[in-house]
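Chemist: Take the sequence shown: its position 230, counted from the start at 1, is 230 in UniProt numbering, and no numbers get skipped.
The beta-carbon is built from N, C-alpha and C at its ideal position, and this holds for glycine as well.
What follows is a single structure, and I will ask about it in a moment.
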Amino acid sequence: MTVHRVGVLALEGMAPLDLAIPLQIFAPREETPYRLSVFGPVSPVPTTSGFVLAVSGGLEDLDSVDTLIVPGLGQEFLPQAKLPQEVLDALARARDRGRRVVSICTGAFTLAAAGLLDGLHATTHWQYIDELERLYPAVHVDRDVLYVDEGDILTSAGVCCGIDLCLHIVRRDLGAVVANQIARSIVAAPHREGGQAQYVPAPVAHVGDTSLADTRSWALERLGETLTVTQLARHAGMSERSFMRRFTEETGTTPLQWLVGARLGLARELLETTDHSVDRVARDSGLGSAANLRLHFRRALDTTPTAYRQAFSRHVAHADS
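Structure, rendered in structure tokens:
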């Protein structure tokens, strides 16, 4: 595989968890082409947690990266962080050279300050959405999403949504199988599409409540079957109304939207790892027909099943149609 260089920009006041997320997901592995480095305008770099971080290179070294990731800054450095002009210039240079630039959480403020988000859709932590919108009116701020993919510019919502975004990037680069392997290795939640709400009103079950994790696992084992809200609610031991409310509270999406996303993920894995026909992949993933599978691929991925298989297949696809 061609080496893909990932650079993480470490700035004074950065949030350590925002830094750790890309370091963990893009760490060198046999199945990925990523080579990771941390850069900064100074070394060592102070963090918000009382320790300092040594970096492997300066801003001039950012010119060599293919993907540049900018972690968020701590609350005391927001919303109007005074960023050195050399940092803003380095970010603008990365954009002008066609590099992929990614922000985690409040790192969107850094991208916006450098002008990278002007005219684009972007997001950040829900607590700072209003400030981002107020300070940078040229940015189209999306409030209820986990992350936004604008091609070469990507932004994530609060903290752990950075995991979703980084796994999305791996899935975009290398396919669903590799992304799922990494997700399992870091014990991350199953893939979440970027359009889900970032702020879930009740993310943790109250005392006496029953989590729907078992029902979701049960459904994941039966994606090729017909699954209705009535069946899911019955498995959970709830009324349909209570089940719908609880499911949305836990996941930020509806059961049917969740099922479509899960089935699309399974279809991607089947296209990558088998030589089954598109008709069979559609059937086995629960999406019904080849036409329906193509429709969902076009809507979600802007490609076709055949083109996706050609890009990511681990098998010779001789039965496709």
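1) What residues match up with Arg216 in a beta bridge as DSSP calls it?
2) In three-state terms, what does DSSP make of His168?
3) Does DSSP put Pro84 in a helix, in a strand, or in coil?
4) Buried or exposed, going by whether 16 or more other CB atoms sit within 10 Å of the CB of Ala179?
5) What is the DSSP secondary structure of Val3, counted as helix, strand or coil?
6) Pro41 and Pro84: beta carbons closer than 8 Å?
7) Report, in whole angstroms, the separation of the C-beta atoms of Val101 and Asp164, which I expect to be a contact under 8 Å.
8) How about Val159 and Thr273: are their beta carbons less than 8 Å apart?
9) For the segment 135-152 and the segment 116-123, state whether three or more C-beta atom pairs, one from each stretch, are separated by less than 8 Å.
10) Apply the 10 Å Cβ neighbour rule to Gly86 and answer buried if 16 or more other Cβ atoms are within range, or exposed otherwise.
11) Is the beta carbon of Leu36 sitting closer than 8 Å to the one on Val6?
12) Please state whether DSSP places Thr110 in a helix, a strand or coil.
13) Our contact map puts Val278 next to Leu259 with C-beta atoms below 8 Å; I'd like the distance itself, whole angstroms only.
14) What does the alpha-carbon distance come out to for the pair Gly208 and Leu73?
15) Have a look at Ala262 and Leu287 and give me their C-alpha separation to the nearest angstrom.
16) Which ranges would you report for the beta strand (DSSP E) in the segment 111-146 if only whole runs of at least 3 residues count?
17) Hey, quick one: how far does the beta strand (DSSP E) through Arg35 stretch, first residue to last?
18) Suppose the cutoff is 7 Å on Cβ atoms and the five residues either side in sequence are ignored; what does the same chain contact list for Thr303 look like?
19) Could you tell me the alpha carbon to alpha carbon distance between Phe39 and Leu271, rounded to whole angstroms?
20) Could you give the distance in angstroms between the alpha-carbon of Leu256 and the alpha-carbon of Thr248?
21) Thinking C-alpha only, which one of Leu266, Gly237, Ala20, Cys161 is nearest Thr251?
22) Does Leu174 pass the burial test, meaning 16 or more other C-beta atoms within 10 Å, or should it be called exposed?
23) Which two residues bound the contiguous alpha helix (DSSP H) that contains Leu17?
24) Count the other CB atoms within 10 Å of the CB of Thr67; is the residue buried (16 or more) or exposed (fewer)?
25) In whole angstroms, what is the alpha-carbon distance linking Gly224 and Leu301?
26) Helix, strand or coil for Val70? Go by DSSP, reduced to three states.
27) Starting from the C-beta of Ala202, find all residues in its chain whose C-beta is less than 6 Å away, skip the five residues before and the five after it, and write them out in chain order.
28) With DSSP collapsed to three states, give me the class of Leu53.
29) Over what stretch of residues does the beta strand (DSSP E) that includes Ile104 continue unbroken?
30) Below 7 Å CB to CB, which residues in the same chain sit around Leu212 once its five sequence neighbours on both sides are set aside?
31) Grab the span of the beta strand (DSSP E) containing Thr155 for me, first residue to last.
32) Could you give the DSSP three-state label for Asp61: helix, strand or coil?
33) To test your reading of the DSSP string, which unbroken beta strand (DSSP E) runs of 3 or more residues are found completely within the segment 283-320?
Modeler: Taking the geometry as given:
1) Arg216 is not bridged to any residue.
2) His168 falls in the helix class under three-state DSSP.
3) Note: Pro84 maps to coil in three-state DSSP.
4) Counting the other CB atoms within 10 Å of its CB gives Ala179 a total of 16 or more, which places it among the buried residues.
5) Coil, per DSSP.
6) Their beta carbons are under 8 Å apart, which means Pro41 touches Pro84 by this criterion.
7) Contact flag wrong, Cβ pair sits at about 18 Å.
8) No. Outside cutoff.
9) Flag = yes, the segment 135-152 and the segment 116-123 touch.
10) The identity of residue 86 in the sequence shown is Glu, whereas the question assumes Gly. Glu86 comes out exposed.
11) Contact flag set, yes.
12) For Thr110, the three-state secondary structure derived from DSSP is helix.
13) About 20 Å separates the two Cβ atoms, so there is no contact after all.
14) For Gly208, the pLDDT reaches just 40, beneath the cut-off of 50, and the residue's location in the model is therefore unreliable, leaving the point undetermined.
15) Approximately 10 Å, taken between the alpha carbons.
16) Correct list: empty.
17) Annotation for Arg35: the continuous beta strand (DSSP E) segment containing it runs 34-39.
18) So the qualifying residues of the chain are Phe297.
19) Straight-line Cα distance between these residues: approximately 37 Å.
20) One Cα belongs to Leu256, the other to Thr248, and the distance between them is close to 11 Å.
21) Closest option to Thr251, judged by alpha-carbon separation, among Leu266, Gly237, Ala20, Cys161: Cys161.
22) Its Cβ being crowded by 16 or more others within 10 Å, Leu174 is buried.
23) Leu17 -> alpha helix (DSSP H) spans 16-25.
24) Flag for Thr67 reads buried.
25) Looking at the two C-alpha atoms, the distance is approximately 21 Å.
26) Strand.
27) Note that Ala202 has pLDDT 32, beneath the 50 cutoff, so the model's placement of it is unreliable and no number is given.
28) Of the three classes helix, strand and coil, the one that applies to Leu53 here is strand, per DSSP.
29) Under the DSSP assignment, Ile104 falls outside any beta strand (DSSP E); it carries neither an H nor an E label.
30) Taken in chain order, the residues that qualify are Ala236, Arg246, Phe247, Glu250.
31) For Thr155, the enclosing beta strand (DSSP E) begins and ends at 153-156.
32) It is helical.
33) Secondary structure remark: continuous beta strand (DSSP E) runs of at least 3 residues inside the segment 283-320: none found.
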